[in-house]
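Have a look at the structure below, then the notes.
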């Protein structure tokens, strides 16, 4: 099973499911991380975390801990 | 004359505040929402004979009550029912921005959608058909470029609830509403329902945009190139340090210091002399002259000299904030800050604390988790602020000649270590809880308008002037009273009530090696302002006017202080000054930012206890190790 954490900078993936739990779940989805969304990983912060992605044509940053809970397929 | 209420909603970074400022101009005021410290901005405008009250709601991405801001916006719209909503939308970021718009349409409040930043959308290759968008959403859609005031006239014309009340729901919206009705009535669990509703909203947005938005591919922007440098793996940190250095250099050396010196000279010299002359000419009683000169002007003046520094710092921070750089700093620093239990967004307030604790605490507003904000506020005072430097400098010159910078550096580092330790302790005790995930938009780089930067600077700085100012004024009067009188009447300072208090306070430092009444009084006046520690010692040890330069002051105080302190007790005293209760200006800010007296008292009191303990450990430990001589 591929998660967003495994996606390399420059690659684009499609969200299959959001496993983030608690209140953060709604937050992530409201920001556009929902089933079917296209996400391009842009870069990783200098210290290795968090990551920056392009989703719905804007730039969003979150940590690998959450990226690991976003199931994707490469497009 | 009729009055209508218009609420401004929108995502953060959409230019909402610029539009608010342009619409209401000087006719605006800021308070807090009941019970929380989030700004409540209210402004007024006139259109013909119509009075319009504009409420600038906090910027939010949704109405789902995930944060205080979202809860405020939702409660306001549902309970206060404004006559209409102007939804400010970033035209270059339509898909996500319309999410909030959909939620507004679901609530059924009359709305006008204002597509702002049309210039940026064009530059990004986004072509928007406004007529189609109007038809699909079923509400008036206006385009604007708020920074150059384009389109604001149409926006003002659209603010009319009679027109808006005639809004009919578009077929697409009707379909969406029946969709979410069906989802809500299904027997699925809460999480699934929430997920399906969010998906349904984005589906609706896709349909709305399918024939209204054309994105031209392959438009690469200077933005990406700039961002690759600013968040570069190797260059990112040096750039950050350079920016930081520039902020401090500009604030404290270029702008702040000369102005502060000027004010210092003006208040301590010209103003004092002139007031003294005027009071004498008016035949004022001696006590009144002393109250005004030694109490009010000296006390309030000591704090007023910080005003230029604070405003300069705020100006630079507001500017950087508007450029989008701050979000990048949080991005590159998050990993390091998380080690100490905070988020990348806490780095800035902590660093500002080396300049002055007041803006540091106010800067913590940028944090979205209440818990991170509280922890940051509680530990920021341990970053040695500029006002503590004179104390360190004086004692380092007196007791550690040749070792000054090492001694002073050790104090700065001790402050950082204590801040980290206390952060970790708070995180696992009184402010326990799940740490919130880091989810942050990295907004496009922009050059903020001068107007927005100035308004923000004033909004932040005014609080310091007003709130802290009133407390300092009353404290100055109280300290003056205590130092000029005893219970039988006017008295010399060493016979005064202040001295009596010093004699009561002093002994609690007996085990610290500085249990004299003079040190006790200096500790008390240090709460008024940290640099008062030096001037108080000067007065008490009989040096009329302690020079500002540490070296000169040191020679003046050589004989007297040298007799009461040893190098070990001097170090213990410096550590105490570093850690104990911050100054009155900070305590005033605590009240403003923490919101409750309970937290304010805690934030002011625990550092005293901590300082007492650590200073004790250093003195007694030093004695054991044989540093006592």
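Residue numbers (the numbering used here), protein chains in the order written: chain A, 21 to 95; chain B, 447 to 1075.
Ideal Cβ placement from N, Cα and C applies to all residues, glycine included.
Problem - residue 521/B, DSSP secondary structure in three states - result: Residue 521/B falls in the helix class under three-state DSSP.
Problem - Sequence-distant residues of the same chain with beta carbon closer than 6 Å to residue 990/B, five excluded per side - result: The predicted model places residue 990/B with a pLDDT of 42, which falls under 50 and marks its position as unreliable; any figure quoted below should be read in that light. The answer is none, since no qualifying residue turns up.
Practice task
Pick out whichever of 968/B, 819/B, 647/B has its Cα sitting closest to the Cα of residue 789/B.
Solution key: Nearest C-alpha to residue 789/B: 819/B.
Exercise for the section: Answer with buried or exposed for residue 926/B, where buried requires no fewer than 16 other C-beta atoms within 10 angstroms of its C-beta. Expected result: Using a 10 angstroms sphere on the CB of residue 926/B, the tally of other CB atoms reaches 16 or more, which defines it as buried.
Practice task
Assign residue 40/A to one of two classes, buried (16 or more other C-beta atoms within 10 Å of its C-beta) or exposed (fewer than that).
Solution key: The residue in question, residue 40/A, is buried, as its Cβ has 16 or more Cβ neighbours within 10 Å.
Handout entry: Any C-beta of chain A under 7 Å from that of residue 819/B
Key = False, the Cβ-Cβ gap to chain A never drops below 7 Å.
Handout entry: DSSP three-state assignment for residue 921/B, whether helix, strand or coil
Key = The answer is helix: DSSP assigns residue 921/B an H, G or I state.
Practice task
Quick one: which residues of the stretch 54 to 77 of chain A get their C-beta closer than 7 Å to a C-beta of chain B? List them in chain order.
Solution key: Listed by position, the residues of the stretch 54 to 77 of chain A near chain B (Cβ gap below 7 Å) are 54, 55, 63, 65, 66, 67, 68, 69, 70, 72, 76, 77.
Exercise for the section: With DSSP collapsed to three states, give me the class of residue 848/B. Expected result: If DSSP states are grouped into helix, strand and coil, residue 848/B belongs with coil.
Practice task
Check whether the Cβ atoms of residue 799/B and residue 870/B lie closer than 7 Å to each other.
Solution key: No, the Cβ-Cβ distance between residue 799/B and residue 870/B is not below 7 Å.
Handout entry: Check whether residue 758/B and residue 711/B have beta carbons under 7 Å apart
Key = Result no, Cβ atoms of residue 758/B and residue 711/B do not sit closer than 7 Å.
Problem - Min CB distance residue 679/B to chain A below 7 Å - result: Output row for residue 679/B: interface = yes.
Handout entry: Nonlocal neighbours in the same chain, by C-beta distance under 8 Å from residue 950/B, ignoring five residues either side
Key = If we look at residue 950/B and ignore the five residues flanking it on each side, its Cβ neighbours are 966.
Handout entry: Cutoff 8 Å; reference residue 99/A; Cβ partners in own chain excluding five residues on either side
Key = With chain A covering 21 to 95 only, the question about residue 99/A has no answer from this structure.
Problem - Outcome for residue 796/B when other beta-carbon atoms lying within 10 angstroms are tallied against a minimum of 16 - result: Within a 10 Å sphere around the beta-carbon of residue 796/B sit 16 or more other beta-carbons, which makes this residue buried.
Handout entry: Reduced DSSP category for residue 562/B - H, G, I as helix; E, B as strand; rest coil
Key = DSSP places residue 562/B in strand when its eight states are reduced to three.
Practice task
Kindly list, in the order they appear in chain A, the residues whose Cβ is closer than 7 Å to that of residue 563/B.
Solution key: Simply none; closest approach about 12 Å.
Problem - Check: residue 783/B C-beta below 6 Å from any heavy atom of the ligand ADP - result: Annotation note on the ligand ADP: not contained in the displayed structure, which lists no ligands.
Practice task
State whether the stretch 46 to 66 of chain A contacts the stretch 855 to 868 of chain B, with contact taken as three or more CB pairs (one from each stretch) at a distance under 8 Å.
Solution key: These segments do not touch.
Exercise for the section: Using alpha carbons as the reference points, say which of 794/B, 780/B, 671/B lies closest to residue 763/B. Expected result: Ranking the options by Cα distance to residue 763/B, first place goes to 794/B.
Practice task
Look up residue 499/B in the DSSP assignment and say whether it is helix, strand or coil.
Solution key: Strand, per DSSP.
Handout entry: Residue burial classification, residue 573/B (beta-carbon count within 10 angstroms, cutoff 16)
Key = Residue burial annotation: residue 573/B is exposed, with fewer than 16 other C-beta atoms found within 10 angstroms of its C-beta.
Practice task
Could you please give the first and the last residue of the uninterrupted alpha helix (DSSP H) stretch that includes residue 549/B?
Solution key: Residue 549/B -> alpha helix (DSSP H) spans 540 to 553.
Handout entry: CB contact below 7 Å: residue 81/A versus chain B
Key = Closer than 7 Å to some Cβ of chain B, the Cβ of residue 81/A qualifies, so yes.
Exercise for the section: Could you pull the start and end residues of the beta strand (DSSP E) that residue 33/A belongs to? Expected result: According to the DSSP assignment, residue 33/A belongs to the beta strand (DSSP E) that extends over 32 to 38.
Exercise for the section: State the DSSP-derived secondary structure class of residue 603/B, mapped to helix, strand or coil. Expected result: Three-state result, residue 603/B: helix.
Problem - Proximal residues to residue 23/A (C-beta, below 8 Å), its chain only, five neighbours per side dropped - result: Residues 87, 88, 89, 90, 91, 92 of the same chain have their beta carbon placed closer than 8 Å to that of residue 23/A, with the five preceding and five following residues left out of the count.
Handout entry: Cross-chain neighbours of residue 30/A in chain B, by beta carbon under 8 Å
Key = When 8 Å is used as the limit between beta carbons, residue 30/A is near no residue of chain B, the shortest such separation being about 12 Å.
Problem - Inter-residue spacing [alpha-carbon to alpha-carbon] between residue 903/B and residue 760/B - result: Put simply, the backbone Cα of residue 903/B is about 5 Å away from that of residue 760/B.
Handout entry: Residues in the stretch 24 to 49 of chain A having any Cβ partner in chain B nearer than 8 Å
Key = Along the stretch 24 to 49 of chain A, the positions whose C-beta sits under 8 Å from a C-beta of chain B are 38, 40, 42, 43, 44, 45, 46, 47, 48, 49, read in chain order.
Exercise for the section: Can you grab the Cα-Cα spacing for the pair residue 709/B / residue 1018/B, in whole Å? Expected result: In this structure, the alpha-carbon of residue 709/B lies about 33 Å from that of residue 1018/B.
Problem - Residues of its chain near residue 538/B, where Cβ-Cβ distance is below 7 Å and the 5 sequence neighbours each way are ignored - result: 563, 566, 567, 570, 572, listed in sequence order.
Handout entry: Distance between residue 1059/B and residue 1022/B (C-alpha atoms, nearest Å)
Key = Using only the alpha carbons, I get a separation of about 9 Å.
Handout entry: Three-state secondary structure assigned by DSSP to residue 990/B
Key = At residue 990/B the pLDDT is 42, less than 50, meaning the model places this residue with poor confidence and gives no usable figure here.
Practice task
Give the single residue among 542/B, 518/B, 730/B whose Cα lies nearest to the Cα of residue 651/B.
Solution key: When only C-alpha atoms are compared, the closest one is 542/B.
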